[in-house]
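Single-structure report; data block below.
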Amino acid sequence: MSPTWTRFNIVSVTLGFAFLYLPIVLLVIFSFNASKLVTVWGGFSTRWYVSLFQNQGLMDAAWVTIRVGLISATVATVLGTLGALALVRYTRFRGRVLFSGMIFAPLVMPDVITGLSLLLLFVAIDLDRGFATVTLAHITFTMCFVAVVVQSRLLTFDRSLEEAAMDLGAPPVRTFFQITLPVIAPAIISGWMLAFTLSLDDLVVASFTSGPGATTLPMKIYSQVRLGVTPEINAACTILIGLVTAGVIIASIVNKRREVQRLRDEQAAQRG
Amino acid sequence: MANSTLTDVAAHASAGKSLPARLMVGITRRLVIIVPYVWLLFFFLVPFIIVFKISLSVTAIAMPPYAPVLSLKDGISALLSDLGQLSFDNYVWLTQDALYINSYITSVVVAAISTVLTLLVGYPIAYGMARAPASLRPTLLMMVILPFWTSFLIRVYAWIGILKPEGLLNQFLLATGIIDSPLIITNTYTAVFIGIVYSYLPFMVLPLYAALEKMDHSLIEAAQDLGCPPITAFWKVTFPLSLPGVVAGCLLVFIPAVGEFVIPDLLGGSQTLMIGRTLWNEFFANRDWPVASAVAVILLLILIVPIVIFQNAQARAQEAGR
Numbered sequence: 018m019s020p021t022w023t024r025f026n027i028v029s030v031t032l033g034f035a036f037l038y039l040p041i042v043l044l045v046i047f048s049f050n051a052s053k054l055v056t057v058w059g060g061f062s063t064r065w066y067v068s069l070f071q072n073q074g075l076m077d078a079a080w081v082t083i084r085v086g087l088i089s090a091t092v093a094t095v096l097g098t099l100g101a102l103a104l105v106r107y108t109r110f111r112g113r114v115l116f117s118g119m120i121f122a123p124l125v126m127p128d129v130i131t132g133l134s135l136l137l138l139f140v141a142i143d144l145d146r147g148f149a150t151v152t153l154a155h156i157t158f159t160m161c162f163v164a165v166v167v168q169s170r171l172l173t174f175d176r177s178l179e180e181a182a183m184d185l186g187a188p189p190v191r192t193f194f195q196i197t198l199p200v201i202a203p204a205i206i207s208g209w210m211l212a213f214t215l216s217l218d219d220l221v222v223a224s225f226t227s228g229p230g231a232t233t234l235p236m237k238i239y240s241q242v243r244l245g246v247t248p249e250i251n252a253a254c255t256i257l258i259g260l261v262t263a264g265v266i267i268a269s270i271v272n273k274r275r276e277v278q279r280l281r282d283e284q285a286a287q288r289g
Numbered sequence: 426m427a428n429s430t431l432t433d434v435a436a437h438a439s440a441g442k443s444l445p446a447r448l449m450v451g452i453t454r455r456l457v458i459i460v461p462y463v464w465l466l467f468f469f470l471v472p473f474i475i476v477f478k479i480s481l482s483v484t485a486i487a488m489p490p491y492a493p494v495l496s497l498k499d500g501i502s503a504l505l506s507d508l509g510q511l512s513f514d515n516y517v518w519l520t521q522d523a524l525y526i527n528s529y530i531t532s533v534v535v536a537a538i539s540t541v542l543t544l545l546v547g548y549p550i551a552y553g554m555a556r557a558p559a560s561l562r563p564t565l566l567m568m569v570i571l572p573f574w575t576s577f578l579i580r581v582y583a584w585i586g587i588l589k590p591e592g593l594l595n596q597f598l599l600a601t602g603i604i605d606s607p608l609i610i611t612n613t614y615t616a617v618f619i620g621i622v623y624s625y626l627p628f629m630v631l632p633l634y635a636a637l638e639k640m641d642h643s644l645i646e647a648a649q650d651l652g653c654p655p656i657t658a659f660w661k662v663t664f665p666l667s668l669p670g671v672v673a674g675c676l677l678v679f680i681p682a683v684g685e686f687v688i689p690d691l692l693g694g695s696q697t698l699m700i701g702r703t704l705w706n707e708f709f710a711n712r713d714w715p716v717a718s719a720v721a722v723i724l725l726l727i728l729i730v731p732i733v734i735f736q737n738a739q740a741r742a743q744e745a746g747r
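From first to last, the protein sequence lines are chains X and H.
Going by my numbering, the letters in the first sequence line up with residues 18 to 289, in that order.
Going by my numbering, the letters in the second sequence line up with residues 426 to 747, in that order.
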């Protein structure tokens, strides 16, 4: 017998999701508010979206953020995947405890510490603060998230597939690219997406490590929010939420299709 | 083959092969480990050493704004005499000013209370999800993760519009006649609690759900068949079995919450004293890098015990999954 879904369970899940989503829904609704007062409804309007796209400062910051996110997520995915392989596949090497510590610690490290320590490193090695330093900082803290995501997939990986390929004479590197990589690809893609969103999202580390000309969108939003809540920021947030939601939904549809295809292939193979 | 590694298998496969092929395998193996290792050493470990060193320096009106700047430019003897200038004065300063001690204590207390609140809010949600029909669970899981993908800053910002004196919550409560005058929530610790519970809820729900979902339901049935009332069965069977999830969830909330900056700054305002804000102000407003570094070192020392527990839990989970 499977557990019963009691009324108590249904109510607690519903209330929980209401708590999680209501603030976001309200934010989106009030981005279409004609009134300048964020919390008083003055009719439907898209004027804040128009003024948003005319706000050169915000647009520049958005462009910087996207470039930092794309570069840092890509490098972090390569480094994080290597880190996950090292952790899962090589159970004995010198300094492994330190290595796994350095992979897991950044997951919970307060942003202020990460930001300050990286800034002091950049100053110590005399690297000018700007686009490059923000990107390096983002690579460093997001690669650990990628490593954890890929690692959990590698742990459930059926090693006999690789052994079969190598018994058939495939060299290890080719086995990796033709067998291992396709199997762990979904985890690598979600790792990349996670790294990209973490980079888009980051305020604290970017504030410490950024310099003139490399103001990111969260830094811009933060400085405006401190001056007061404006509908324009609501509009900017709504666009970001829309982009992320679309990305996640597309990714899950692609995943589902691939899963269905795989099942069909397996059935076809069995019928032979 | 349980302990075999990619290279073992490869060595076995290439035993009859040429030396270059075996060399390739060794080089690949080294690269896989060395590249991420060196990156983390340089960008994660070395920065901490620098933070510690600068915490022993004094502020200077220069760039970089601290002294001494250790370098080999002026030879070994100059470097050695510079080393002699390092001192623990900043740490003494931290103990003498009540601002810092209060910030640390408040941060730990606020984080602890928020963690308990997040557990109380998150447990029924995770429990309900784990008991939902199996076909519904992936969707519910995705719905818990989705807010995590939207910006942290945006989610905290959304609460300002709800909680402020003329905000939506007060409008609603005044309109329904529950209260007569607006509640003051923004710029209080209540707002900080709400912000932390809201922002970190997915971190609590996910490990709890993972622990509850894989639980064997027949254990509960057995307890109930033996006459155990549902509430007792929960406390004697379900809750103890979910403890690994509880521990993981609490650490994932508590550790980052202690050093949280955005939530106390935007929702708590200048009234709330938390160490993340103190460090930020020390660095950006006072431009005192050595004291900011000392604040960071002490914060790290406070967090080292929970971080080590977290790492051990992660490593154990990894071993269990092997």
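Where a beta carbon is used, it is the ideal one built from N, C-alpha and C, also for glycine.
Nothing here was measured: the structure is a model prediction, and the numbers come from that model.
Best match in the options for proximity to residue i [C-alpha to C-alpha]
i       : options                            : result
V630(H) : A721(H), L544(H), L519(H)          : L544(H)
V720(H) : A658(H), Y582(H), R702(H)          : R702(H)
S695(H) : A717(H), A616(H), M640(H), I656(H) : A616(H)
L1(X)   : L704(H), R580(H), F659(H), K589(H) : Residue 1(X) lies beyond the range of chain X shown here (18 to 289); nothing can be said about it.
F467(H) : R109(X), L138(X), V125(X)          : L138(X)
S52(X)  : L39(X), R64(X), I88(X), C254(X)    : R64(X)
I526(H) : F664(H), L470(H), L704(H)          : L704(H)
D38(X)  : D507(H), I570(H), L470(H)          : Sequence check: residue 38(X) is Tyr here, not Asp. Of the listed residues, the one whose Cα sits closest to Y38(X) is I570(H).
F477(H) : V457(H), L561(H), Y462(H), S512(H) : S512(H)
F628(H) : V722(H), S539(H), F469(H), T453(H) : S539(H)
Q736(H) : L69(X), V85(X), L124(X), L43(X)    : L124(X)
L677(H) : L698(H), V463(H), A536(H)          : A536(H)
8 Å CB neighbourhood of residue i in its chain, flanking five on each side removed
i       : result
S117(X) : L104
V533(H) : V683, I727
A436(H) : Low local confidence applies: a pLDDT of 49 at A436(H) is under 50, so the model's placement there is unreliable, and no value is given.
M18(X)  : In this prediction, M18(X) has a pLDDT of 45, which is less than 50 and means its spatial position is unreliable; what the coordinates show is noted afterwards. Hits under 8 Å: none found.
Contact set for residue i: own chain, Cβ-Cβ below 7 Å, skip 5 residues either direction
i       : result
G100(X) : I120, M160, A164
L565(H) : M554, A557
V221(X) : D128, V129, G132
L626(H) : T543, V546, G547
F36(X)  : none
I688(H) : V581, V617, G620, I621, S624
A438(H) : In this prediction, A438(H) scores a pLDDT of 48, lower than 50, which makes its location untrustworthy; the coordinate-derived value is nonetheless stated afterwards. Result list for A438(H): empty, nothing under 7 Å.
V434(H) : A caution first: V434(H) carries a pLDDT of 48, below 50, which makes its placement in the model unreliable, though a value can still be read off. Cβ within range, chain order: n/a, list empty.
E276(X) : none
Close beta carbons around residue i, own chain, < 6 Å, minus the five adjacent residues each side
i       : result
A204(X) : V166, V167, R170
P632(H) : G670, A673, G674
L178(X) : I196
A79(X)  : L234
E685(H) : G701
V716(H) : N515, E707
L115(X) : none
F148(X) : A231
T430(H) : The predicted model places T430(H) with a pLDDT of 48, which falls under 50 and marks its position as unreliable, so this point remains unresolved.
In DSSP terms, what residue i is bridged to
i       : result
F61(X)  : N50(X)
A492(H) : V483(H)
Contact test: residue i Cβ vs the ligand SAM heavy atom, cutoff 6 Å
i       : result
L599(H) : No copy of the ligand SAM occurs in the structure displayed, which carries no ligand at all.
For this session: Assess, as a yes-or-no matter, whether the segment 628-636 of chain H is touched by the segment 666-674 of chain H under the definition of 3 or more beta carbon pairs within less than 8 Å.
Result: yes
For this session: May I ask you to verify whether the segment 218-233 of chain X touches the segment 145-158 of chain X, counting CB pairs closer than 8 Å and requiring at least 3?
Result: yes
For this session: Determine which residues of the segment 457-483 of chain H have a Cβ less than 7 Å from any Cβ of chain X, and write them out in chain order.
Result: V457, I458, V460, P461, Y462, W464, L465, F468, F469, L470, V471, P472, F473, I475, V476, I479
Exercise. With contact counted as at least three CB pairs below 8 Å, one residue from each stretch, are the segment 200-216 of chain X and the segment 262-273 of chain X in contact?
Worked result: The segment 200-216 of chain X vs the segment 262-273 of chain X: in contact.
Exercise. Would you say the segment 474-488 of chain H touches the segment 731-741 of chain H, given that touching needs at least three Cβ pairs under 8 Å?
Worked result: no
Exercise. Are there three or more Cβ pairs, one per stretch, closer than 8 Å when the segment 609-620 of chain H is compared with the segment 574-594 of chain H?
Worked result: Below 8 Å, enough C-beta pairs join the segment 609-620 of chain H and the segment 574-594 of chain H to call them touching: three or more.
Exercise. Should the segment 651-664 of chain H be regarded as contacting the segment 570-577 of chain H, the criterion being three or more beta carbon pairs within less than 8 Å?
Worked result: no
Problem set entry | Against chain H: residues of the segment 124-140 of chain X by CB proximity under 7 Å | V125, P127, D128, V129, I130, L133, S134, L135, L137, L138, V140
Exercise. What are the residues of the segment 216-231 of chain X that lie near chain H, defined by any Cβ-Cβ distance shorter than 9 Å?
Worked result: L217, D218, D219, L220, V221, S224, F225
Exercise. Can you list, in chain order, the residues of the segment 578-589 of chain H whose Cβ is nearer than 8 Å to any Cβ on chain X?
Worked result: L578, I579, R580, Y582, A583, W584, I585, G586, I587, K589
For this session: Give the residues from the segment 518-536 of chain H that approach chain X closer than 8 Å (Cβ to any Cβ), ordered along the chain.
Result: none
Exercise. Which residues, in order along the segment 724-741 of chain H, keep a beta-carbon less than 9 Å from a beta-carbon of chain X?
Worked result: L724, L725, L728, P731, I732, V733, F735, Q736, Q739, A740
Exercise. If you measure beta-carbon to beta-carbon, which residues of the segment 191-214 of chain X are closer than 9 Å to chain H?
Worked result: Going along the segment 191-214 of chain X in chain order, one finds T192, F193, T197, M210, L211, T214 with a Cβ nearer than 9 Å to chain H.
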